[in-house]
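Engineer:
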Amino acid sequence: MGKIERPSVESLIMDFAMSLTRRSTCKRMQFGCVITSEDMTQIYGFGYNGTAKGFPNDDCTGEQGACGCLHSEQNALIKVRTNDPRKVVFVTGQPCVMCAKLIINSGASKVYYRSAYRSEEGLELVKKAGIETERV
2 MGKIERPSVE
12 SLIMDFAMSL
22 TRRSTCKRMQ
32 FGCVITSEDM
42 TQIYGFGYNG
52 TAKGFPNDDC
62 TGEQGACGCL
72 HSEQNALIKV
82 RTNDPRKVVF
92 VTGQPCVMCA
102 KLIINSGASK
112 VYYRSAYRSE
122 EGLELVKKAG
132 IETERV
């Protein structure tokens, strides 16, 4: 019997974050985010970008920087009901500056991301705060 090839837990959680992009209602870009415990055995919250709760899904203007959608990190972080100071964030794209600040203040210990963003500023801010980052 040969060795069984298994995906890493990090890869599986990022796959879940990627699947969340299918729920996005943003006309420009689709992102997903998953917040877990440090050992990645518990999911604390997840989100995707889109219009605010109760608003029509087609309210997104599609304009860069002014589409009106909440970011996936924002939607995931507001759902976290624990005060775990060592959260891990999985996001399908590098965080913007505002989301980076939210991630820092949430007490995250690590950020995994899949794709680059139009600016490196958010990721650099996360690193400057001493939070480990890794592209998956």
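With the first letter of the sequence shown counted as 1, position 35 gets the number 36 in our numbering; the numbers rise by one all the way through. Each residue gets a CB set at the ideal place from its N, CA and C atoms; glycine is no exception. Every value quoted in this text rests on a predicted model; they were computed, and no experiment measured them.
1) CB residue 90 to CB residue 112, shorter than 8 Å?
2) Pull up the DSSP beta-bridge partners for residue 37, would you.
3) Which residues share a DSSP beta bridge with residue 118?
4) If you measure between the beta carbons of residue 39 and residue 82, is that distance less than 8 Å?
5) Which of the three DSSP states is assigned to residue 110 in this structure?
6) Counting along the chain, where does the alpha helix (DSSP H) carrying residue 11 start and finish?
7) On the DSSP bridge list, what partners appear for residue 51?
8) Taking the alpha-carbon of residue 118 as reference, which of 92, 48 and 103 has the nearest alpha-carbon?
Structural biologist: So, from the data block:
1) To locate residue 90, count along the sequence shown from 1; it is residue 89. To locate residue 112, count along the sequence shown from 1; it is residue 111. Yes, Cβ-Cβ distance for residue 90 and residue 112 is below 8 Å.
2) Position 36 of the sequence shown, counted from the start, is the residue given in the question as residue 37. Bridge partners of residue 37: 44 and 89.
3) In the sequence shown, counting from the first residue as 1, residue 118 sits at position 117. Its beta-bridge partners do not exist; DSSP assigns none.
4) Counting from 1 along the sequence shown, the entry for residue 39 is found at position 38. Counting from 1 along the sequence shown, the entry for residue 82 is found at position 81. No, these two residues do not count as a Cβ contact at 8 Å.
5) Here residue 110 corresponds to residue number 109 of the sequence shown, with the count starting at 1. Reduced to three states, the DSSP call for residue 110 is strand.
6) Position 10 of the sequence shown, counted from the start, is the residue given in the question as residue 11. Note, residue 11: alpha helix (DSSP H), 10-21.
7) The count along the sequence shown starts at 1 and reaches residue 51 at position 50. DSSP lists 71 as partners of residue 51.
8) Taking the sequence shown and counting its residues from 1, one reaches residue 118 at position 117. Here the closest residue by C-alpha is 92.
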